[in-house]
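To start, the structure under review is shown below, and the notes come after it.
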Amino acid sequence: MSKPARTNRATLAHRLRYAARNPSRVPAHLRRLLRDVRLGRRAGRDHVAYYRGVMRDDATRSAEAAVGSATHGRWLALGQMQFDYLREHGLTPEDRMLEIGCGNLRAGRLFIDHLRPGHYHGVDISPEILLAAQQTLVRNDLREKLPYLTLVNDLRLAHLPAGHFTVVHAHSVFSHSPLDVMAECFSHVGRVLAPGGFFDFTYNRTEGEEHQVLREDFYYRTSTLLELAEAHGLRACAMPDWDERPHRQSKIRLRHR
């Protein structure tokens, strides 16, 4: 079950306690810290450019790790979890699906197989990850399903048709996003969402102080994101049945008002 964070992971006190309890993880954290400095100098305030650099760096070691899966078994399990959840919520082969942050098709391979040809469209900011997604298509013999995979530089979704997608999905995207990136998405996703459709996204939930760690992990109160969505003309609700799954993030669903 997902549990909300209560501790501010960005504080020095928390980092020191964590290092004392997990000394084997200190080198990896130091590498991330140095990477944060290096990428921050290049990208400045452009978070998409910054996180594209994070994905490029992670993908050189493993595309599956770059999308947040430490092992292949975990990659398979997380994809299956996302697919099963949407199936239980009525996903049918007739749905037209947009996956924001499709990665290397951890769940996308299952969505593509389930949907009719041409009904899946995945977007991502990382060219390296999209190349890995093409390999996933080949390995899973999904080429005949004609999925669309598109590299994007923002979340304005300007290249997509209005009112087209019955399901929009973003897993572990906003857990790595500041509020301005989320607001950009919320201000445009309603245009591409079909009447009666919905947009599901996950996020890192906290019941304490909202914070970020190394510009890679962001923690928000549920109320903050519900209010942000409502401010952009969308009806928002938390999805507590997702919290029953063995996953650390929580989920919100958006619809047209």
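Residues 1030 to 1286 (the working numbering) are what the sequence shown spells out, left to right.
Here a beta-carbon is modelled for each residue, glycine too, at the ideal position from N, C-alpha and C.
Counting along the chain, C1214 sits inside no beta strand (DSSP E); it lies in the alpha helix (DSSP H) bounded by residues 1208-1221. Here E1093 is buried: its Cβ has 16 or more other Cβ atoms, across all protein chains shown, within 10 Å.
By the Cβ-count criterion, P1176 is buried, with 16 or more other Cβ atoms from all chains shown falling within 10 Å of its own Cβ. Apart from sequence neighbours up to five positions away, the residues of its chain that approach A1162 with a beta-carbon distance below 6 Å are N1133, L1134, L1178, ordered along the chain. A1265 has L1283 as its beta-bridge partners, per DSSP.
Between the beta-carbon of S1279 and that of R1250 there is about 10 Å, and that puts the pair past the 8 Å contact cut. The C-beta separation of G1262 from A1223 comes to about 16 Å, leaving the pair out of contact by the 8 Å criterion. The region 1070-1085 and the region 1201-1216 touch, with three or more beta-carbon pairs separated by less than 8 Å. H1198 and D1229 do touch by the CB rule: their CB atoms are close to 5 Å apart, below 8 Å. Using a Cβ distance threshold of 8 Å, H1043 and N1051 do not count as a contacting pair. Runs of the beta strand (DSSP E) spanning 3 or more residues and lying entirely within the region 1068-1149 occur at 1126-1129, in chain order. Looking at the backbone, the Cα of L1115 and that of P1146 are separated by about 18 Å.
Counting every other CB atom within 10 Å of its CB across the protein chains shown gives L1059 a total below 16, marking it as exposed.
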